[in-house]
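Just so we're aligned, residue 1 is where the sequence shown starts under this note's numbering, counting upward by one.
The structure appears below as structure tokens.
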Amino acid sequence: MTETRQTETHGFQTEVKQLLHLMIHSLYSNKEIFLRELVSNASDAADKLRFKALSETNLLADDAELYVRVSADKDAGTITISDNGIGMTREDVMANLGTIAKSGTAEFFGQLSGDQAKDSQLIGQFGVGFYSAFIVADSVTVRTRVAGAAKEDGVEWQSRGEGEYDLKAITKERRGTDIILHLRDDAEEFLDESRLRSIINKYSEHLSIPVQMPKAADDSEEADKTESKWEAVNSGKALWTRDKSEISDEEYKDFYKSVAHDFDEPLLWSHNKVEGTSEYTSLLYVPKRAPWDLWNRDSQHGIKLYVKRVFIMDDAEQLMPSYLRFVRGLMDSNDLPLNVSREILQDNKVTRAMRNGSTKKVLSMLSKLAKDDEEKYLEFWKTFGAVLKEGPAEDSANGEKIAGLLRFASTHTDSAEQTVSLDQYLERKPEAQKSIYYIVADSYEAARDNPALEIFRKKGLEVLLLSERIDEWLMSHLTDYKDVEFQSVTRGDLDLGDLEDSADKEQQKATEEAFKEPLERFTKALGDKVKKVRVTHRLTDSPACIITDENDMSTQMAKLMEAAGQKVPETKYILELNPEHKLVQRVTEVTDEDKFGQWANLILDQATLAERGSLKDPAHFVTRLNKLMLELTESTS
């Protein structure tokens, strides 16, 4: 008996309206995933109750056998998915079914294009969950009662998915949740119980909670839906507990789609059983596509944790470092207690062993992929490379392994594509070269065209071109690779060591000596705007460049901190002048000190613009430039 009381009507959150519209119009070719999602949610609800009941045994009462039940009523045109799991309170229902209870939804909807095929893939990345019910149903009813509550504390939620939902209190005899789907005319295929069984076998075979359906009716009698007339459709044997030799690739792929809520097949996976000091099983997947909230720092990212095949928690971030947050899958421990909490996981030697093992396994998977199929690896890199770049800062113990997986653009390639590995760089460098040269800039073009690269091009030396926001942070933690140090071409003194012959060095000394007086004039004219003025050996075609001192904050790090709202101390640059350049030579011939000062400041501004991409006072720069250009035109007229 279900007693209903007064009904309230509420409006959906705006994002839910958009998502429901997309459910109905974009996922027409993937309708069957509604059952995967709803059965998965029901199984999670049962798992959560099983875990909670470890400390609150009264929650199970006289209904200790947990289940998920799926049935179809052809006469009514409905499918019902029921569970006797944790259930929901009125507040839970409003939070989970009236809003998308995740931050970052604006970014998700900002990616939608209006192209049904593309949006369908994106929704798959998003994880459609409960709202997938509206793929096949024009009306959905949810009846639920939280475990431990009185039967009078049930809640009913109902909606046609058009903008609002009805909510009312009900009397519900059993705990848990019933979801009743009133099917659309074009979804009647799902009233066929054999069709439902095949979908459950495809996506939910691995669930430890039994997924039940009514037993087939005998010829002599119609099967009713009493307790004795239900039978499990899934085997209930967790896939990860089976021997690898018994599991087909298709089973691994189907399991991934279920556990990751993804439409695509995984890029690669690894299934391992670890025995010894710690005993656990891991089944880890690398997706083909990035989840929509990969860059949302408010979202928890992690993998599922089981203890002795009992589900404990989703998104156990303690088991996987943040720079590998794209990894999906699970870990099942024999050593952790069943009542383990996130707080206990935070500082636990078993957890640390599992985290270290899973990290090494993922890095090994990626290393093998890079070695065996570079083209496929580069597809991975395009998707997840920027996340992997967080690794050296977060995981110094695996720093060299991570560095070996990094890819870069360089002066030896013709595009911004990041395809060069550090091993390839080391193989190509001259034996006399003692450093790995790199430059960090705002864009690939700014890095490629930076004047500081001129001497390297002249000598045929490769320089890595870094242009993503995280790159400066990366290089501040990546000091060397295979005992070869990294050297920025825009920081500190340039020493090419054995790459320069004695004649080059003698010529440099002679040039510095001959240019002493002009250097003093530039130093006086620029005053405290620069840290120092000196002769450059980096330039061949440009008049000047600015660099930061070895111990000062780099340009890109300063920009990174400013973007994060941090107060950044002002950095004074070193101005390096190219005495061989005609502009520098002409300026040194100017005898009027005021006019010389104008030219000196103009050269500094040009060099700053090339390095920073902006000036503090662009209007002053334009005024000075116009004034000098006008004087030049007047002198030649």
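Heads up, the beta-carbon is just placed ideally off N, CA and C, and yes, glycines get one too.
- Membership of W269 in the beta strand (DSSP E) is indicated by the continuous run 268-274.
- Using a Cβ distance threshold of 8 Å, L426 and G404 do not count as a contacting pair.
- In the DSSP annotation of this structure, A452 is not part of any alpha helix (DSSP H), being labelled neither H nor E.
- The beta carbon of K376 sits closer than 8 Å to those of L267, L369, all from its chain and outside the five residues before and after it, given in chain order.
- One alpha carbon belongs to E520, the other to L366, and they sit about 55 Å apart.
- When R428, E400, A397 are compared, the shortest CA-CA separation from H412 is found for R428.
- Around the beta carbon of Q507, a 10 Å sphere encloses fewer than 16 other beta carbons of the protein chains shown; the residue is thus reported as exposed.
- Beta-bridge partners assigned by DSSP to D549: none are found.
- P430 is classed as exposed because its beta carbon has fewer than 16 other beta carbons within 10 Å across all chains shown.
- The stretch 339-358 makes no contact with the stretch 434-441: fewer than 3 CB pairs, one atom from each, lie closer than 8 Å.
- For D483, there is no enclosing beta strand (DSSP E), since its DSSP letter is neither H nor E.
- When only Cα atoms are considered, A514 and E589 end up about 14 Å apart.
- Cβ neighbours of D480 within its own chain (closer than 7 Å, five residues either side excluded): F486.
- By the criterion of at least three beta-carbon pairs nearer than 8 Å, the stretch 78-86 is in contact with the stretch 43-55.
- The straight-line gap separating the alpha-carbon atoms of A232 and L474 is approximately 52 Å.
- Secondary structure note for S139: its beta strand (DSSP E) is the uninterrupted segment 137-145.
- With contacts defined by Cβ atoms closer than 8 Å, G302 and A290 do not form a contacting pair.
- Only residues of its own chain outside the window of five on either side were considered, and among them Y323 have a CB closer than 6 Å to the CB of E390, listed in chain order.
- Straight through space, the alpha carbons of K202 and V568 are spaced by roughly 56 Å.
- Within the DSSP secondary-structure output, K168 pairs in a beta bridge with T7, E156.
- Boundaries of the alpha helix (DSSP H) harbouring Q606: 593-612, taken from the DSSP string.
- Here the C-alpha atom of D262 lies approximately 33 Å from the C-alpha atom of L60.
- Within the same chain, and ignoring the five residues on either side of G77 in sequence, the residues whose Cβ sits closer than 8 Å to its Cβ are H182, L183, E188, L191.
- Spatial neighbours of N601 in its own chain (CB-CB distance under 8 Å, excluding positions within 5 residues in sequence) are listed in chain order as A525, L526, K529, R624.
- Using a Cβ distance threshold of 8 Å, I455 and T490 do not count as a contacting pair.
- Per DSSP, F515 lies in no beta strand (DSSP E) segment and is marked neither H nor E.
- Put simply, the backbone Cα of D166 is about 21 Å away from that of R175.
- Annotation for F34: the continuous alpha helix (DSSP H) segment containing it runs 33-52.
- According to the DSSP assignment, D332 belongs to the beta strand (DSSP E) that extends over 328-333.
- For F384, no pairing in a beta bridge is given by DSSP.
- Between G161 and F130, the C-beta spacing is not below 8 Å.
- For the pair E462 and C545, the CB atoms are not nearer than the 8 Å cut-off.
- Q346 is classed as exposed because its beta carbon has fewer than 16 other beta carbons within 10 Å across all chains shown.
- Counting C-beta pairs closer than 8 Å gives three or more between the stretch 329-337 and the stretch 269-280, which meets the contact rule.
- Distance from the Cα of D75 is smallest, within the candidate group V146, P543, D185, for D185.
- Setting aside the 5 residues that flank it on each side, A53 is surrounded in the same chain by L59, L60, each with a C-beta closer than 7 Å to its C-beta; the list follows chain order.
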